[in-house]
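Protein chains in written order, with our numbering: chain A, 10 to 132; chain B, 3 to 382. Yeah, the Cβ is synthetic: ideal placement off N, Cα and C, and Gly gets one too. A quick write-up on the structure given underneath.
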Amino acid sequence: MTIYFTEDHEWISVEGSTGIVGITDHAQEQLGDITFVELPEVGSDYGKGDSVSVVDSVKAASDVYTPVSGTVTEVNTDLEEQPELVNNDAEGEGWLFKVTLSDKSELEGLMDEDAYKTFLESL
Amino acid sequence: MSEDHIEEPIAPEALPLDAWHRARGARMVPFAGYLMPIQYEGIIAEHEWTRTNAGLFDVSHMGQLIVSGEGAAEALETLLPGDISALKPGRVRYSLLLNEDGGILDDLMVTNVTQNDGEPTYYLVVNGATKWDDIGHLREFLPDEISLNHLDDRALLALQGPRAAEALERVIPGIADTLSFMQAGNAKWNGVDVGVGRSGYTGEDGFELSVPAEQAEALAEELCAQDMVKPVGLGARDSLRLEAGLPLYGHDLDENTDPVTADLSFALSKKRRESGGFPGADKILSLLAHGPSAKRVGLMIEGRMAVREGAAIHAGEARIGTVTSGGFAPSVGQPIAMGYVEAGHALPGTKLTVEMRGKAITATVTDMPFVPHRYFRKKS
Chain A
10 MTIYFTEDHE
20 WISVEGSTGI
30 VGITDHAQEQ
40 LGDITFVELP
50 EVGSDYGKGD
60 SVSVVDSVKA
70 ASDVYTPVSG
80 TVTEVNTDLE
90 EQPELVNNDA
100 EGEGWLFKVT
110 LSDKSELEGL
120 MDEDAYKTFL
130 ESL
Chain B
3 MSEDHIEEPI
13 APEALPLDAW
23 HRARGARMVP
33 FAGYLMPIQY
43 EGIIAEHEWT
53 RTNAGLFDVS
63 HMGQLIVSGE
73 GAAEALETLL
83 PGDISALKPG
93 RVRYSLLLNE
103 DGGILDDLMV
113 TNVTQNDGEP
123 TYYLVVNGAT
133 KWDDIGHLRE
143 FLPDEISLNH
153 LDDRALLALQ
163 GPRAAEALER
173 VIPGIADTLS
183 FMQAGNAKWN
193 GVDVGVGRSG
203 YTGEDGFELS
213 VPAEQAEALA
223 EELCAQDMVK
233 PVGLGARDSL
243 RLEAGLPLYG
253 HDLDENTDPV
263 TADLSFALSK
273 KRRESGGFPG
283 ADKILSLLAH
293 GPSAKRVGLM
303 IEGRMAVREG
313 AAIHAGEARI
323 GTVTSGGFAP
333 SVGQPIAMGY
343 VEAGHALPGT
353 KLTVEMRGKA
363 ITATVTDMPF
373 VPHRYFRKKS
């Protein structure tokens, strides 16, 4: 299992051709209290960088972009009743959706954990 | 992830409490030309703390103005629809700065701070984002013999919540008990004068404290040393005022909105309705008599997704309005909104739909406030 990060503050944990996607701890911290998560539809196909989900916080709504192209296979339905899971555990129980990757080479353009840390420090 | 931020055109300035906010873990954001604390521990926690204890808000970005001189009340009445000449010393009133078409240039608080039959003196608190325009407007339209002073050497703190009076009593003893909602007085603290008004923008009991800028940090520190007081940021200020049904200038009100459509007719004093003589009086009095074509209303939003400023409101297929403020309401437990709808759809209970990100969300017109006001009114 390998975790990658985007400059838009999403993470994707990849095992084989399946990825689990969420927003980073830094992102949830910036958004503040999350009150609603609009999840993508299971079965939909998306291209890398498409807006697939929206995270609503008390102050604003933010788009979540998928880091890779592929088909959504599962969404985190626990978030329907407990959107605060994203605040409490953004990179664990607060995951958003699972995706079957259609092009694994897209991962090459993403950051690893160290690179993401360096990126955050540069902000 | 991306967020919609409104970029500020010029570098924002720091306010007197800047370092104090940062030391307390605030996240600072540009607002009205200043860096302001949006939150400390989290908007929902701060919101709930204010509804149950007392929150301290730094609102030093707002404009504090003094209008004084013989005839100051009459001069203000040429610009505002309030009965300022009937406002007694120590009384506070909500009013509106109007343009010639009856549009709202700003909403503000006026306090009569005249001392012992001295020269008539009025203290105005205006919005931060509009204060420079307001000052220009007042300078242009007030007669030369009326002076206008901008108290830019003072900070403004708001202490709000059901335990605000108890906290204030500990720090500045003796003043809270003398004031009822919309009354004001002066107190000495640390050798300086603090202007104290019993008013606010949360729907709760509370006070606004005008203090010399160099003393602001010491006062904030002492207030927050009380166990029922925590600093609260702009984020919770917005969710609290939305629940209280209070409009936010630049969002729910602007110069194309008149007081009747904005459902602020209470700011049109009875005497002024009879005498007129304020900007846009003909138009506003006609709207009062015949009814406006649209009205500001509250909306209860079904589901968990918030609707935001700018979202279209529909009745069936027809577009009949626009959301001007919206968000999750922590004390209500669901999203709420404020917006303008055509008069025929403004009755409480009317079901409408709001279009948000391609979805049609059910909204019900609701009486405001969403959370009952708990202002303190002394029994006389």
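Apart from the five residues on each side of it in sequence, which residues of its chain come closer than 7 Å, Cβ to Cβ, to residue i?
i	result
asparagine 258 of chain B	Gly105
threonine 180 of chain B	Gly187
leucine 225 of chain B	Leu58, Leu161, Ala169, Val173 and Val231
proline 350 of chain B	Val367, Thr368 and Asp369
leucine 98 of chain B	Leu82, Pro83, Ile106, Asp109, Pro261, Leu266 and Ala269
glutamine 217 of chain B	Asn192 and Val194
Could you check what DSSP says for residue i in three-state terms: helix, strand or coil?
i	result
valine 127 of chain B	strand
asparagine 96 of chain A	helix
arginine 376 of chain B	coil
histidine 18 of chain A	coil
alanine 74 of chain B	helix
lysine 90 of chain B	coil
leucine 32 of chain A	This sequence places isoleucine at residue 32 of chain A; leucine is not what is there. Three-state DSSP puts isoleucine 32 of chain A in a strand.
arginine 95 of chain B	strand
glutamate 311 of chain B	coil
threonine 11 of chain A	strand
leucine 37 of chain B	strand
isoleucine 137 of chain B	helix
glycine 341 of chain B	strand
threonine 158 of chain B	Note on identity: in this sequence residue 158 of chain B is leucine, with threonine being the wrong assignment. Three-state result, leucine 158 of chain B: strand.
isoleucine 68 of chain B	strand
isoleucine 174 of chain B	coil
leucine 144 of chain B	coil
glutamine 91 of chain A	coil
glutamate 15 of chain B	strand
threonine 180 of chain B	helix
leucine 110 of chain B	strand
leucine 248 of chain B	coil
glutamate 117 of chain A	helix
Could you give the first and the last residue of the continuous beta strand (DSSP E) run that contains residue i?
i	result
glutamate 83 of chain A	79 to 84
valine 108 of chain A	106 to 110
alanine 362 of chain B	361 to 368
glutamate 47 of chain A	43 to 47
histidine 152 of chain B	149 to 152
alanine 189 of chain B	186 to 191
aspartate 20 of chain B	From DSSP, aspartate 20 of chain B is part of no beta strand (DSSP E) but of the alpha helix (DSSP H) over 20 to 25.
Identify, in the order they occur along the chain, each residue of the same chain with its Cβ nearer than 8 Å to the Cβ of residue i, setting aside the five sequence neighbours on each side.
i	result
glycine 278 of chain B	Asp284 and Leu287
isoleucine 363 of chain B	Ile303, Glu304, Gly305, Met307, Val309, Thr355, Val356 and Glu357
methionine 30 of chain B	Asp20, His23, Arg24, Leu37, Met38, Pro39 and Ile40
methionine 120 of chain A	Tyr13, Phe14, Thr15, Glu16 and Phe128
glycine 176 of chain B	Ala189
aspartate 207 of chain B	Gln162, Gly163, Pro164, Ala166, Ala167, Phe183, Arg200, Arg376, Tyr377 and Phe378
histidine 35 of chain A	His18 and Leu129
Which first and last residues belong to the alpha helix (DSSP H) in which residue i is found?
i	result
glutamate 224 of chain B	215 to 226
serine 277 of chain B	272 to 277
tyrosine 125 of chain A	122 to 131
serine 288 of chain B	283 to 292
isoleucine 46 of chain B	45 to 54
serine 241 of chain B	236 to 245
Note down, in chain order, each residue of its chain lying with its Cβ closer than 6 Å to the Cβ of residue i, except the 5 sequence neighbours on either side.
i	result
methionine 358 of chain B	Val309 and Ala313
valine 128 of chain B	Gly65, Asp108, Leu110 and Asp136
alanine 77 of chain B	Leu144, Pro145 and Ile148
serine 78 of chain A	Gly56, Lys57, Ser111 and Asp112
lysine 133 of chain B	Gly65
valine 81 of chain A	Pro49, Val51, Ser53, Phe106 and Val108
aspartate 6 of chain B	For aspartate 6 of chain B, the predicted model reports a pLDDT of 49, less than 50, meaning its position is unreliable and no value from the coordinates is stated.
Does the contact criterion of 3 or more C-beta pairs under 8 Å hold for the stretch 249 to 257 of chain B versus the stretch 102 to 120 of chain B?
Because the criterion of three Cβ pairs below 8 Å is met, the stretch 249 to 257 of chain B and the stretch 102 to 120 of chain B touch.
So, does the stretch 286 to 293 of chain B touch the stretch 260 to 278 of chain B, judging by three or more C-beta pairs under 8 Å?
Yes, the stretch 286 to 293 of chain B touches the stretch 260 to 278 of chain B.
Three or more beta-carbon pairs under 8 Å between the stretch 47 to 67 of chain B and the stretch 157 to 166 of chain B, yes or no?
With the cut-off at 8 Å, the stretch 47 to 67 of chain B and the stretch 157 to 166 of chain B touch.
Listed from N- to C-terminal order along the chain, which residues in the stretch 29 to 52 of chain A have their beta-carbon within a distance smaller than 7 Å of any beta-carbon of chain B?
Answer set for the stretch 29 to 52 of chain A: Ile32, Ala36, Gly41, Asp42, Thr44, Phe45 and Glu47.
Using a beta-carbon distance cut-off of less than 9 Å, what residues from the stretch 41 to 62 of chain B approach chain A?
Within the stretch 41 to 62 of chain B, the qualifying residues are Gln41, Gly44, Ile45, Ile46, Ala47 and His49.
Members of the stretch 296 to 318 of chain B that neighbour chain A once the beta carbon cut-off is set at 9 Å
So the list reads Gly305, Arg306, Met307, Ala308 and Arg310, given in the order they occur along the chain.
Is it true that the stretch 232 to 248 of chain B meets the stretch 70 to 88 of chain B, where meeting means three or more beta-carbon pairs spaced less than 8 Å apart?
No, the stretch 232 to 248 of chain B is not in contact with the stretch 70 to 88 of chain B.
Near-chain A residues of the stretch 224 to 246 of chain B - C-beta to any C-beta below 7 Å:
Cβ contacts with chain A: Gly237 and Ser241.
Assess, as a yes-or-no matter, whether the stretch 102 to 109 of chain A is touched by the stretch 123 to 131 of chain A under the definition of 3 or more beta carbon pairs within less than 8 Å.
Proximity of the stretch 123 to 131 of chain A to the stretch 102 to 109 of chain A falls short of the contact definition, fewer than three beta-carbon pairs being nearer than 8 Å.
Can you give me, in chain order, the residues of the stretch 182 to 205 of chain B that have a beta carbon less than 7 Å from any beta carbon in chain A?
Listed by position along the chain: nothing, the set is empty.
Against chain A, which members of the stretch 322 to 337 of chain B pass a CB distance test of less than 8 Å?
Against chain A - using a Cβ distance shorter than 8 Å - the residues of the stretch 322 to 337 of chain B are Gly329, Phe330, Pro332 and Pro337.
Cβ contact check for the stretch 65 to 73 of chain A and the stretch 24 to 44 of chain A: 3 or more pairs under 8 Å
Judged by Cβ distances under 8 Å, the stretch 65 to 73 of chain A makes contact with the stretch 24 to 44 of chain A, as three or more pairs qualify.
Contact between the stretch 336 to 347 of chain B and the stretch 313 to 327 of chain B: three or more CB pairs below 8 Å?
Two segments are said to touch when three or more pairs of C-beta atoms, one from each, lie closer than 8 Å; by this definition the stretch 336 to 347 of chain B touches the stretch 313 to 327 of chain B.
Along the stretch 60 to 76 of chain A, where does the CB come closer than 9 Å to a CB of chain B? Name the residues.
For the stretch 60 to 76 of chain A, which is checked against every Cβ of chain B, the residues closer than 9 Å are Ser60, Val63, Val64, Asp65, Ser66, Val67, Lys68, Ala69, Ala70, Ser71, Asp72, Val73 and Tyr74.
Against chain A: residues of the stretch 350 to 361 of chain B by CB proximity under 7 Å:
Within the stretch 350 to 361 of chain B, contact with chain A at the beta-carbon level (separation under 7 Å) is assigned to Arg359.
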